[in-house]
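One structure is given here, and the rest of the page talks about it.
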Amino acid sequence: MFHYKDNILHAEDVAIDKIAEAVGTPFYVYSSKTLSDNFKAFENALKNAKLKHTICYSIKANNNLGITGTLAALGSGADVVSAGEMHVALTAGIPADKIVFSGVGKTRAELKSAIENRILQINAESEAEINNINDIALKLGIKANVALRVNPDVDAKTHVKITTGKKENKFGVDWDEAKGLYLKTAKMKGINLVGIAMHIGSQILDLDPFRLAFTKMAAMVEELESAGIKLQNLDLGGGLGINYNVELPPSKDDYAQVIAQTLGKFNKHIIIEPGRAMVGDAGILVTEVIYTKKMGERNYIIVDAGMNDLVRPAMYDAWHTIIPARKTGAAPITADIVGPICETSDTFAKDRIIEPVAQGDLLAMMSAGAYGSSMSSIYNFRPLVPEVMAHGKKFEVVRKRTTYEQMLSGESKPSWIK
Ligand SMILES: *Cc1c(COP(=O)(O)O)cnc(C)c1O
Numbered sequence: 001m002f003h004y005k006d007n008i009l010h011a012e013d014v015a016i017d018k019i020a021e022a023v024g025t026p027f028y029v030y031s032s033k034t035l036s037d038n039f040k041a042f043e044n045a046l047k048n049a050k051l052k053h054t055i056c057y058s059i060k061a062n063n064n065l066g067i068t069g070t071l072a073a074l075g076s077g078a079d080v081v082s083a084g085e086m087h088v089a090l091t092a093g094i095p096a097d098k099i100v101f102s103g104v105g106k107t108r109a110e111l112k113s114a115i116e117n118r119i120l121q122i123n124a125e126s127e128a129e130i131n132n133i134n135d136i137a138l139k140l141g142i143k144a145n146v147a148l149r150v151n152p153d154v155d156a157k158t159h160v161k162i163t164t165g166k167k168e169n170k171f172g173v174d175w176d177e178a179k180g181l182y183l184k185t186a187k188m189k190g191i192n193l194v195g196i197a198m199h200i201g202s203q204i205l206d207l208d209p210f211r212l213a214f215t216k217m218a219a220m221v222e223e224l225e226s227a228g229i230k231l232q233n234l235d236l237g238g239g240l241g242i243n244y245n246v247e248l249p250p251s252k253d254d255y256a257q258v259i260a261q262t263l264g265k266f267n268k269h270i271i272i273e274p275g276r277a278m279v280g281d282a283g284i285l286v287t288e289v290i291y292t293k294k295m296g297e298r299n300y301i302i303v304d305a306g307m308n309d310l311v312r313p314a315m316y317d318a319w320h321t322i323i324p325a326r327k328t329g330a331a332p333i334t335a336d337i338v339g340p341i342c343e344t345s346d347t348f349a350k351d352r353i354i355e356p357v358a359q360g361d362l363l364a365m366m367s368a369g370a371y372g373s374s375m376s377s378i379y380n381f382r383p384l385v386p387e388v389m390a391h392g393k394k395f396e397v398v399r400k401r402t403t404y405e406q407m408l409s410g411e412s413k414p415s416w417i418k
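Structure follows, in structure tokens:
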């Protein structure tokens, strides 16, 4: 919930400039209400579609404990893609039996940890991985819950860098080989074969690719059942898009209806793994204008946030709406909004129409809750920025700005230097 009150931008009932005073800029601020509204909207959509389900929030969208802890308290599960994310999920209070583990390159150490924690399911993506899981599970004497992630060869019609369900993408098991692999895996003594999984991409704005992929999954489930393989869990991945600019994403209700229409007849346990649609609009990045300058006819607004804090525009040509924290109503100008990093790609917006701003003014980059802080780095030796959560009239720091001392703490000069 980000809105203007008397021309001043607020996160819930907290004025943005008040947070800036307390923690300095740049910083992320999250709305606890938007987050819980999003979770409840998914819950209600699945419930209304009469689907037995678990929502496994995709931690990689935003792994902050303030976010994961809020979702854990609401009853969310987690989709993790590393042992580190599994650690975060467990620390946040998400029970192991609501955690699914995805990813093409899980190491033996990561698989061991997942099996020992007895998580809901490991989504295996290759025969080699299945063999590894079986081997580790037999050594531990624990049966591992496994689903196969199949690649449905569906075009999600999204940005090339975030499409994952095409034959030429690295993800999942080839569709035509899936049945053979199921039959092999079913015989393995270390494996409890519990499900089937897919994830076709991210920022998907059309229900058709979902419908196509889920329909393919239905056919696969029927084929497997007639071959004697009974599955409990149908994991549909994430990928539902959000509005950044002019997009019109499908509603969570319509998404759930597509699931019901394609897979409801099996009456099985549905798992969804939303990331972006859970946290994207629940966070903004607030930055201060350091300088403005004019070169030829071009206006530049130079801000104190950089591509290391929010990489999406540099990496995916992503659009973030950028608005002033204090609306003046002055006639807008056209400007490039750029960060301080020594890279040309450190540009948040080109030819953006925006109210004129001056040194010291605050700007907010909207819908930065997903793949913002979780993709940030300390490039240019810039500290990770604070993350704040607003809750009604209250706000709390849920990650402090890192210090130079912390940033250097693991480093040392080699001993041979005098
Ligand atoms: C990234 C990812 C998700 C979340 O995707 P969103 O587009 O953020 O919803 C879900 N499942 C898997 C396997 C992923 O890799």
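Residue numbers for the sequence shown follow my numbering, so the first one is 1 and each next one is one higher. We put the CB at the ideal spot given by N, CA and C, even for glycine. Fair warning: this is a prediction, and the values are worked out from it, not measured in the lab.
Check	Outcome
With a threshold of 16 other CB atoms inside 10 Å of the CB of K112, please say whether the residue is buried or exposed.	buried
What residues match up with M295 in a beta bridge as DSSP calls it?	R298
Using 8 Å as the cut-off, can you tell me whether the region 230-248 makes contact with the region 186-206, which would need three or more C-beta pairs spanning the two stretches below that distance?	yes
Within the same chain, show all residues whose beta-carbon is closer than 6 Å to that of Y244, passing over the 5 residues directly before and after it, in chain order.	W319 and S367
Quick check on DSSP: helix, strand or coil for Y30?	strand
Can you check whether the CB of A325 is closer than 8 Å to the CB of D17?	yes
Between E110 and S82, how many whole angstroms is the CB-CB distance? I'm expecting something under 8 Å.	7 Å
Quick one: is the Cβ of L148 within less than 7 Å of any heavy atom of ligand 1?	no
Please report how far the alpha carbon of S376 lies from the alpha carbon of W416, in whole angstroms.	34 Å
By alpha-carbon positions, which one of N62, F42, A61 and V385 ends up nearest to H53?	F42
With the cut-off set at 8 Å, would you say G339 and Y28 are in Cβ contact?	no
For the structure I just gave you, are there three or more beta carbon pairs, one from the region 120-132 and one from the region 92-103, closer than 8 Å?	yes
Of the residues I142, L212 and H269, which one's Cα is nearest the Cα of V194?	H269
For ligand 2, any of its heavy atoms closer than 7 Å to the Cβ of Y291?	This structure does not include ligand 2; its bound ligands are ligand 1.
May I have a chain-ordered list of the beta strand (DSSP E) segments no shorter than 3 residues that lie completely inside the region 222-247?	233-235
Go ahead and pull the three-state DSSP assignment for I378.	coil
Please state if the CB of I354 and the CB of A335 are separated by a distance shorter than 8 Å.	yes
Can A364 and I301 be called in contact, C-beta distance under 8 Å?	no
If you draw a straight line from the alpha carbon of A282 to that of M1, how long is it in whole angstroms?	7 Å
Count the other C-beta atoms from every protein chain shown that fall within 10 angstroms of the C-beta of G66, then say buried if there are 16 or more, exposed otherwise.	buried
Taking a contact to mean a Cβ-Cβ separation below 8 Å, would you say N63 touches A256 in this structure?	no
Is there at least one non-hydrogen atom of ligand 1 closer than 7 Å to the beta-carbon of P274?	yes
Could you please give the first and the last residue of the uninterrupted beta strand (DSSP E) stretch that includes L384?	That residue, L384, is in no beta strand (DSSP E); it is neither H nor E in DSSP.
Could you give the distance in angstroms between the alpha-carbon of L248 and the alpha-carbon of H10?	24 Å
Cβ of I475 within 8 Å of Cβ of I115?	Since the first residue of the chain shown is 1 and the last is 418, residue 475 is not available in this structure.
Taking its Cβ as the centre, do 16 or more other Cβ atoms sit within 10 Å of S345, making it buried, or is it exposed?	exposed
In the DSSP assignment, find the alpha helix (DSSP H) that holds E21 and state where it starts and stops.	I16 to V23
Would D309 be called buried (16 or more neighbouring beta carbons within 10 Å of its own) or exposed?	buried
With a 10 Å radius around its C-beta and 16 neighbouring C-beta atoms as the bar for buried, classify K60 as buried or exposed.	buried
Identify whether Y4 lies in helix, strand or coil by the three-state DSSP scheme.	strand
Rounded to a whole number of angstroms, what is the C-alpha to C-alpha distance between A305 and V385?	9 Å
What is the DSSP secondary structure of Q121, counted as helix, strand or coil?	strand
Hey, out of S409, N380 and N233, whose CA is closest to F266's CA?	N233
Going by DSSP, what residues sit across from M365 in a beta bridge?	L285 and I322
Mapping the DSSP letters down to three states, classify V154 as helix, strand or coil.	coil
Just mark D79 as buried or exposed, buried being the case when its beta carbon has 16 or more other beta carbons within 10 Å.	buried
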